[in-house]
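Visitor: Sharing a structure, written as structure tokens. Questions coming.
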Amino acid sequence: MDVRVLFAFFFIANAFEKTVAVSAKVERFFEGKRHTNNWAVLVCSSRYWFNYRHVANVLSIYRSVKRLGIPDNRIILMLADDMPCNSRNPKPGTVFNNAHHHINVYGDDVEVDYRGYEVTVQNFIRLLTGRVNEGTPRSKQLLTDEGSNILIYLTGHGGEGFLKFQDSEEITSVELSDAFEQMYQKRRYNEILLITETCQAESMASKLYSPNILGIGSSKIGEDSLSHHGDPTIGVYVIDRYTYYALEFLEKVSINSSKSLSDFFSICPKRVCISTVTVRKDLFKRDPKNVPLTDFFGNVPEVKLLDLSSAHKVSIRNETDDRRDSERSFTLYSHNVIKHKWKKIDPFPVLTY
Amino acid sequence: MMYEMRALITFFAAFCRVSLSEDFGGSAFDRYDERLLFKPLPDGQVYAHFEFSTVFDEHINDVFWVDHFNLFPLAIGKFLANAKVQEMHFSLAKGFWKNSAWGYNARDAPNGAELTVYFQSFQDNPQKAWRDVTSVLSGHFCASLNFIDKAATVQPVYSFKPEGVLQNGSMRNDLLFYAALPHEALCTENLTPWKKLLPCFDKAGLASLLNARHIFNSHFVSLALDLKPICVNSDCYRTSISITQTISLIFNPPVVFDGKKSWSFIKFFGTPIKEVCQLASESTVLIDITQNDTSNPLTFTTPPSGLVVKKFGEKERKFATFDLKSIISEYKQQNMSKFNIVSLYKKNHVYASTTNPPPVFASRYITGYGVSQGGITCDIYNKLDKSVQIVYFDIIPWYLRIYVHTLKITVANKEIKPDTFYYKPAKDRSQPHHIEMLLTLLPNSVTTIHFDFDRQYLKWTEYPPDANHGVYVNSAVISLKLPTAQNMTVFSETSSSDFFLRIHTQSLLVSLATPDFSMPYNVICLVSTVVSLAFGPIHNLTTRKPQIPKSDEESKKQSLLNRIKNFFQNKKSHEKSD
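Which chain is which? The protein sequence lines are A and B, in order.
Counting from 71, one number per residue, gives the positions in the first sequence under our numbering.
Counting from 615, one number per residue, gives the positions in the second sequence under our numbering.
Structure representation (structure tokens):
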């Protein structure tokens, strides 16, 4: 009898759990997607070989967001130094996440948008606020809109209220929060997830005041953020603790995963991280328990329905095309009238005295 | 997006084994060829040179972005049309090509990035177009080409003449631009977009050998993209556009295992060829066996498709060829899926004591010591019995102030004059020093070019973040016409008697005088310490009233009783005050 009661109890409990899960799913479905596209800004601000781990950090996140579907043209990757092809790297073209060379986080298909000396505070602020220099290629611009969810990941050497860039300049938390406010006023984002993997990382999010931003820091103010382990074959530390566990967690996440943001908060408890992971939730409107992780780490496939039934036809030609065509016919015409002979010239200069 | 599309199409083509070039409705004259050349070098290393060439049958002036780009890369086509580029040569390299040991590279490239652009004659604003080109390329190839500003750009006078055909054969100097960034890194992020320009991407054909992890494990790697108009027919009233993508690699096959310098595709590239690019008209592997030593010959596990003897002027070169298209289709019939070229030597490798140096090569270095003055010396060797005329081209950044009066060209301690000399002095922050000269190298001689410079102070914000590393100076470029094809690497046969050649010297690393960047911090610390140390005594002196203390004798005189009395009296007075 006892067994039967127990069984019945389990059955009921199980069914109850299922209904809860289903209702959550239904709720999530009717809630509607609040964002229409996903972007990622991944920054490693450290130069020099001994900061290998910061490049490994940022590439770990790059690998994950790319795997979860954010295309390269929506990932802005900033690497302050060339680690994969550094002459000190015994295995050129690779950056590994641990000393056993499990995952080559650099990969075979990588696009770095800002590299070397280009990684500066100015360029980072310009990128965020969209105030880029004239002629900046599209791959170096953050072309977000009010429907964009942006994942911003910063790693480097930090202190209370600042993050060092290239070992020569700093961005302060005040500057960062002002940049976010500009983005908000210009409607450049829907929601932002800011992750900082530095010492005293909590301080980078502490001055934020714009809505819909969630800040995660790998360490509290007053705490150091520590590296995970070293690799004797390269002679330096490979990766930082927080990102090591973040990658371990993200490797198990798929695009259809139901993992929520709150699951992501607990990936690195103090026991393994040694530093305390902090989360700033007060600016974020949604409950992180109901926010799928893929809202930031994954990508919304863009589907646009066009009404082609009526006479309303979508034309892919525009005025510039017509102008170009007329230009073209002109050149063709002129080209036909005056026939030019094309010749090779001597590549070596011929002197005429 | 278009990359994915193209990759998809390529995949489709590869699986269906249908040549899509006709179905696409594009011109039947478009053509794509791929070739790979191996050349064992005298010092035991192996030179591998990939060449992917596409010909787009469209007149250079008539390319528009709405055109249908068939095999030609769309991204380049659009950019060509928008910026009205007629000719472009772009290269990225890692390492220094040792001319003296390896002979001449088929496509020479200096360490870092190098870009030459010639615009079409109806480009109204070439200066702006040049800026656009650098920014577009920087975005496309993930390189920091946007650092090419006015202070890095020159308009060559004698060097870098267009290599393609020109309208009426006339060239305008204001349309020609050149810049180089010797500091630019080369890694997978540059290789990936470069591979995406190929019709079969890296999914099939020779490009499938280009695995980043193996390629960057070589002694030298350079990748280049050359775009130029070529004649359609002998009349040449119309042009088509040729785009050639090349990769040059120097591998060092290990002798540690069996003492032999044997190599294979798998050893070099980590993979055999599984699939042939169906869009390619020709897909060949050539192995140069001219220098094959009869006592220790190079043999192949797979017999080559043929032996070809090519004539370059008077010189003949022998090649073993492997026609991938026929080989792979045969393999498929025999249910073998992978093609690997394995080359074997019968005997152990003996390091040659003498190498065969090329006719002309150069070496360039910094002279002097300290961080205030210095000099640049370039030794140019001529091993021929004839005199050779060369063009020497050098760009020096503005912060190294060179003195033209110190320029000395000497041969065997005798000073000579250049045939012609062009010099455009630098302007601070907006123009580099630009030196070009025509020189005649005497037979069997070493010509030394030397000039001195002063190192300029920069503003402290102008220094790079790793200022103590120093700054790089572009490699000098030497253009010449050789009377012999000795040590040259060329594909197509020629009957001409002179061979145009361009070689690059070493790029230089110059340390500049760097300020003490932590000085402001030190000043703040020091000043704060001094102020705080001074503040205490000054405050005390100015706010307290000096009083003469009671003499010791008086205090000693007090009896114990008096002291106790005093103690209680004091306490009482305290209580009162509360």
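Using N, Cα and C, we set each Cβ at its ideal position, and we do this for glycine too.
Within 8 Å of any Cβ in chain A, is that where the Cβ of D999 (chain B) sits?
Guide: Numbered from its first residue, the second sequence carries residue 999 (chain B) at position 385. Judged by the 8 Å Cβ criterion, D999 (chain B) is not in contact with chain A.
Visitor: Residues in the same chain with beta-carbon distance under 6 Å from K1179 (chain B), minus the five sequence neighbours each way, listed in chain order, please.
Guide: Working through the second sequence from its first residue, we reach residue 1179 (chain B) at position 565. For K1179 (chain B), where only same-chain residues beyond five positions count, there are no Cβ hits under 6 Å.
Visitor: Anything in chain B within Cβ reach of F166 (chain A), meaning under 9 Å, just list it in chain order.
Guide: Within the first sequence, the letter at position 96 stands for residue 166 (chain A). Those within 9 Å of F166 (chain A) in chain B number zero; the least Cβ separation is about 12 Å.
Visitor: Which residues in the same chain have their Cβ closer than 6 Å to the Cβ of K939 (chain B), if we skip the five residues on either side of it in sequence?
Guide: Numbered from 1 along the second sequence, position 325 holds the residue referred to as residue 939 (chain B). Excluding positions up to five away in sequence, the list reads V890 and S897.
Visitor: Under 8 Å, with one C-beta from each stretch per pair, do the region 656 to 671 of chain B and the region 851 to 865 of chain B reach the 3-pair mark?
Guide: Segments in contact, yes.
Visitor: Looking only at DSSP bridge pairs, what is G988 (chain B) linked to?
Guide: Working through the second sequence from its first residue, we reach residue 988 (chain B) at position 374. DSSP lists B:F1067 as partners of G988 (chain B).
Visitor: Using the beta-carbon of each residue, which ones in chain A are nearer than 7 Å to T806 (chain B)?
Guide: Walking along the second sequence from the start, residue 806 (chain B) turns up at place 192. The contacting residues are D179, V180 and E181.
Visitor: With three or more C-beta pairs closer than 8 Å as the rule, is the region 246 to 254 of chain A touching the region 129 to 143 of chain A?
Guide: Too few Cβ pairs lie closer than 8 Å, so no.
Visitor: Pull out every residue of the region 220 to 254 of chain A whose Cβ sits closer than 9 Å to any Cβ of chain B, in chain order.
Guide: Hits within the stretch, in order: F235, Q236, D237, S238 and E239.
Visitor: Using a cut-off of 9 Å between C-beta atoms, extract the partners of Q781 (chain B) located in chain A.
Guide: Locating residue 781 (chain B) in the second sequence gives position 167, counting from the first residue. Neighbours of Q781 (chain B) on chain A, chain order: H410, K411, W412 and K413.
Visitor: Would you decide whether L694 (chain B) is buried or exposed? Buried here means 16 or more other CB atoms lie within 10 Å of its CB.
Guide: The residue labelled residue 694 (chain B) in the question sits at position 80 within the second sequence. Label assigned to L694 (chain B): buried.
Visitor: Between H963 (chain B) and V869 (chain B), is the Cβ-Cβ spacing less than 8 Å?
Guide: For the purposes of this step, residue 963 (chain B) is taken as residue 349 along the second sequence, with counting starting at 1. For the purposes of this step, residue 869 (chain B) is taken as residue 255 along the second sequence, with counting starting at 1. For H963 (chain B) and V869 (chain B), yes; Cβs fall inside 8 Å.
Visitor: Go ahead and label Q741 (chain B) buried or exposed: buried means 16 or more other beta carbons lie within 10 angstroms of its beta carbon, across all protein chains shown.
Guide: Walking along the second sequence from the start, residue 741 (chain B) turns up at place 127. Under this definition Q741 (chain B) is an exposed residue.
Visitor: Can you give the Cα-Cα distance for I145 (chain A) and T266 (chain A), rounded to whole angstroms?
Guide: As a position in the first sequence, residue 145 (chain A) is number 75, starting the count at 1. As a position in the first sequence, residue 266 (chain A) is number 196, starting the count at 1. Looking at the two C-alpha atoms, the distance is approximately 17 Å.
Visitor: Look up Y945 (chain B) in the DSSP assignment and say whether it is helix, strand or coil.
Guide: Here residue 945 (chain B) refers to the residue found at position 331 of the second sequence. DSSP places Y945 (chain B) in helix when its eight states are reduced to three.
Visitor: If I follow the unbroken alpha helix (DSSP H) through D333 (chain A), where does it start and stop?
Guide: One-based indexing of the first sequence puts residue 333 (chain A) at position 263. It spans L331 to F335 - the alpha helix (DSSP H) in which D333 (chain A) sits, taken as one unbroken run.
Visitor: If we count Cβ pairs, one from each stretch, closer than 8 Å, do we get three or more for the region 1059 to 1069 of chain B versus the region 993 to 1006 of chain B?
Guide: The region 1059 to 1069 of chain B is in contact with the region 993 to 1006 of chain B.
Visitor: Could you give the first and the last residue of the continuous beta strand (DSSP E) run that contains A793 (chain B)?
Guide: Residue mapping note: residue 793 (chain B) aligns to position 179 of the second sequence, counting from 1. Here the beta strand (DSSP E) through A793 (chain B) covers L790 to L795.
Visitor: Using a Cβ-Cβ cut-off of less than 7 Å, list which residues of the region 188 to 214 of chain A approach chain B; keep chain order.
Guide: Cβ contacts with chain B come from E188, G205, T206, P207, R208, S209 and K210.
Visitor: Assign S209 (chain A) to one of two classes, buried (16 or more other C-beta atoms within 10 Å of its C-beta) or exposed (fewer than that).
Guide: Sequence index remark: in the first sequence, residue 209 (chain A) carries index 139 (1-based). Result: buried.
Visitor: Considering only the beta carbon of each residue, do S130 (chain A) and I309 (chain A) sit closer than 8 Å?
Guide: The residue labelled residue 130 (chain A) in the question sits at position 60 within the first sequence. The residue labelled residue 309 (chain A) in the question sits at position 239 within the first sequence. Taking 8 Å as the Cβ cut-off, S130 (chain A) and I309 (chain A) qualify as a contacting pair.
Visitor: Using a Cβ-Cβ cut-off of 8 Å, state whether Y314 (chain A) counts as contacting chain B.
Guide: By 1-based counting over the first sequence, the position of residue 314 (chain A) is 244. No - not a single Cβ of chain B is within 8 Å of the one on Y314 (chain A).
Visitor: Would you say S130 (chain A) faces chain B, with C-beta separation under 8 Å as the test?
Guide: The sequence position of residue 130 (chain A) within the first sequence is 60, counting from 1. No, because no Cβ of chain B sits closer than 8 Å to the Cβ of S130 (chain A).
Visitor: So, at 8 Å on beta carbons, what are the nonlocal neighbours of L650 (chain B) in its own chain, with the 5 sequence-adjacent residues on each side left out?
Guide: The residue labelled residue 650 (chain B) in the question sits at position 36 within the second sequence. Around L650 (chain B): A662, H663, F664, E665, L820, L823, T898, V899 and L900.
Visitor: Buried or exposed: where does L331 (chain A) fall if 16 or more other Cβ atoms within 10 Å of its Cβ makes it buried?
Guide: Taking the first sequence and counting its residues from 1, the one referred to as residue 331 (chain A) is at position 261. That one is buried.
Visitor: Of the residues B:K692, B:R786, B:H1047 and B:S735, which one's Cα is nearest the Cα of V747 (chain B)?
Guide: Against the second sequence, residue 747 (chain B) aligns to sequence position 133. Among B:K692, B:R786, B:H1047 and B:S735, the Cα nearest to that of V747 (chain B) belongs to B:K692.
Visitor: Please confirm whether V779 (chain B) and P843 (chain B) have their CB atoms less than 8 Å apart.
Guide: Along the second sequence, one-based indexing puts residue 779 (chain B) at 165. Along the second sequence, one-based indexing puts residue 843 (chain B) at 229. Yes.
Visitor: Find out if the Cβ-Cβ distance for the pair T225 (chain A), W109 (chain A) is shorter than 8 Å.
Guide: The residue you call residue 225 (chain A) lines up with position 155 of the first sequence. The residue you call residue 109 (chain A) lines up with position 39 of the first sequence. No; because the gap between Cβ atoms is not below 8 Å, this pair is not in contact.
Visitor: Decide if N1127 (chain B) is buried, meaning its Cβ has at least 16 other Cβ atoms within 10 Å, or exposed.
Guide: Position 513 of the second sequence holds residue 1127 (chain B). According to the sequence as given, residue 1127 (chain B) is Ala; it is not Asn. Exposed is the call here.
Visitor: For E245 (chain A), report the span of its alpha helix (DSSP H) as first-last.
Guide: In the first sequence, the residue the question calls residue 245 (chain A) occupies position 175. Run containing E245 (chain A): S243 to Q255, per the alpha helix (DSSP H) assignment.
Visitor: For S115 (chain A), count the other beta carbons within 10 Å of its own beta carbon; 16 or more makes it buried, fewer makes it exposed. Which is it?
Guide: By one-based count along the first sequence, residue 115 (chain A) stands at place 45. Buried, since its Cβ has 16 or more Cβ neighbours within 10 Å.
Visitor: Which same chain residues end up closer than 6 Å to R387 (chain A) when comparing Cβ atoms and leaving out the 5 residues on each side of it in sequence?
Guide: The sequence position of residue 387 (chain A) within the first sequence is 317, counting from 1. Because the pLDDT of R387 (chain A) is 48, which lies under 50, any placement of that residue in the model is unreliable, and the question is left without a value.
Visitor: Using CA atoms only, rank isn't needed, just tell me which of B:F865, B:S957, B:E944 and B:S1146 is closest to N906 (chain B).
Guide: In the second sequence, residue 906 (chain B) corresponds to position 292, counting from 1. Of the candidates B:F865, B:S957, B:E944 and B:S1146, the one whose C-alpha sits nearest the C-alpha of N906 (chain B) is B:S957.
Visitor: When you compare only the Cα positions, how much space is there between F883 (chain B) and R1069 (chain B)?
Guide: Working through the second sequence from its first residue, we reach residue 883 (chain B) at position 269. Working through the second sequence from its first residue, we reach residue 1069 (chain B) at position 455. Their Cα atoms are separated by approximately 44 Å.
Visitor: Taking Cβ positions, are T860 (chain B) and A826 (chain B) nearer each other than 8 Å?
Guide: In the second sequence, the residue the question calls residue 860 (chain B) occupies position 246. In the second sequence, the residue the question calls residue 826 (chain B) occupies position 212. Not a contact, by the Cβ cut-off of 8 Å.
Visitor: Alpha carbons only, please: which of B:K946, B:T904 and B:S876 is nearest the one belonging to I887 (chain B)?
Guide: By one-based count along the second sequence, residue 887 (chain B) stands at place 273. For the residues B:K946, B:T904 and B:S876, the minimum Cα distance to I887 (chain B) belongs to B:K946.
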